[in-house]
Amino acid sequence: MSALASRLAIAVAGLPIVLGAAWVGGWWLLALVAVGTILALHELYAATRELRPLALAGFGGALTVLLGTQFGGLEWIALGLLVTLLAAFCFAALADTSQSNTVSVATTTLSVVWIAVGLVHLTLIRADAVDAQSVDRGRLAIFTVLIAVFATDTAAYLVGRVAGRRRLAPRVSPGKTVEGFVAGALAGIFVTWVAMYDEGYLEIWESLVLGAVIVAAATLGDLLESLVKRDLGVKDMGTLLAGHGGVLDRVDSLLLAGPAAYYTLLALGAVAP
39 MSALASRLAI
49 AVAGLPIVLG
59 AAWVGGWWLL
69 ALVAVGTILA
79 LHELYAATRE
89 LRPLALAGFG
99 GALTVLLGTQ
109 FGGLEWIALG
119 LLVTLLAAFC
129 FAALADTSQS
139 NTVSVATTTL
149 SVVWIAVGLV
159 HLTLIRADAV
169 DAQSVDRGRL
179 AIFTVLIAVF
189 ATDTAAYLVG
199 RVAGRRRLAP
209 RVSPGKTVEG
219 FVAGALAGIF
229 VTWVAMYDEG
239 YLEIWESLVL
249 GAVIVAAATL
259 GDLLESLVKR
269 DLGVKDMGTL
279 LAGHGGVLDR
289 VDSLLLAGPA
299 AYYTLLALGA
309 VAP
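In my numbering, each residue carries its 1-based index in the sequence shown increased by 38.
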């Protein structure tokens with residue numbers, strides 16, 4: 039099976055599960071986010087094994103972020119990060135290793151900030167839309183983010199393979215092209231505009247701003263993971279999703295796009311503070 043066919047097969051199988059959880063919301067969405075977070079953390083810890091990440095502290099902090107946010111809201115993210123930091127320092131003090139404790143603690147804390155905090159914003163987008171019909175608005179908001187990121191990634195990949203000539207960031211990710219980025223940007227902004235069109239949720243200019251933010255954050259999220267992989271000397275973070283690599287390879291764009299979309303909607307008055 040070619041890489042493209044493999045990617046399409048995984049997308050066809052996985053997208054209904056993701057969209058179904060987003061449609062239902064609540065604990066179903068949290069469960070999916072939790073599974074994605076744990077698998078992505080596992081992949082990152084395996085790739086950074088030489089840095090001695092403190093996995094128990096990372097998993098514990100991530101679950102505190104997810105459960106705390108579900109019960110108490112955005113401010114519980116801070117508690118999750120505090121739990122991660124304190125647990126990491128405690129485990130580092132007890133560990134018998136020659137690795138720098140600073141590196142171990144920093145790697146563990148970064149993993150939770152990057153993955154758990156990034157993904158938990160999807161649950162906030164789903165839950166916090168401001169309107170008498172907040173369930174419908176929350177559903178629209180998260181569907182817009184998910185589909186816009188998917189459209190951005192897919193269009194950039196396809197156009198980059200077919201017509202890509204100029205490298206977007208050759209030192210970070212040689213496979214990404216300017217042509218692919220432009221195609222992905224147009225696709226992501228168009229999807230966001232169509233999703234919000236005549237819905238009475240955002241003004242046209244606001245939907246275009248949201249689309250541009252999602253595109254920029256998704257692209258930076260992808261490049262950030264590529265930078266980490268290049269630094270670690272690995273091609274993919276995992277093999278679970280075949281042509282997609284690992285779970286972290288698949289959700290990398292969402293890790294920045296989710297928070298960026300949430301705070302843009304917050305600034306536009308479309309989600310509750």
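Built from N, CA and C at the ideal position, the CB exists for glycine as well.
Excluding five sequence positions before and after A69, the CB atoms of its chain that fall closer than 8 Å to its own CB belong to A59, given in chain order. DSSP places G213 in no alpha helix (DSSP H) but in the uninterrupted beta strand (DSSP E) bounded by S211 to T215. Counting only unbroken stretches of 4 or more residues, the alpha helix (DSSP H) elements lying wholly within the segment 97-160 are 114-132 and 139-149, in sequence order.
Under the three-state reduction of DSSP, V247 is assigned to helix.
Between the segment 180-187 and the segment 250-270 there are three or more C-beta pairs closer than 8 Å, enough to call the two in contact. The beta carbons of G99 and V121 sit about 5 Å from each other, so the pair counts as a contact at 8 Å.
In the displayed model, L306 falls within coil according to three-state DSSP, outside both helix and strand. Selection L246, K267, R268 and L293 evaluated against L306 yields L246 as nearest (Cα-Cα). Check the Cα spacing between L123 and each of A144, L132, R209 and R87: the tightest is with A144. Bridge partners of A207 according to DSSP: S211. Excluding five sequence positions before and after I227, the CB atoms of its chain that fall closer than 7 Å to its own CB belong to L246, G249, A250 and V253, given in chain order. With 16 or more other CB atoms across the displayed protein chains lying within 10 angstroms of its CB, P91 is buried. A Cβ-Cβ separation of about 14 Å leaves L270 out of contact with S211 under the 8 Å criterion. For the options R87, A85, L101 and A130, the alpha carbon positioned closest to that of A72 is the one of L101. The three-state secondary structure of L240, taken from DSSP, is coil. Listed in chain order, the non-local C-beta contacts of A201 below 7 Å within the same chain comprise E217, local neighbours out to five positions each way being set aside. The three-state secondary structure of Y83, taken from DSSP, is helix. For R90, there is no enclosing alpha helix (DSSP H), since its DSSP letter is neither H nor E. One thing to note: L294 has its Cβ no nearer than 8 Å to the Cβ of F181. The Cβ-Cβ distance between E263 and L292 does not fall below 8 Å. By the criterion of a C-beta distance shorter than 8 Å, A233 is surrounded in its chain by L178, F181, T182, I185, A186 and S245, once the five residues flanking it on both sides are discounted.
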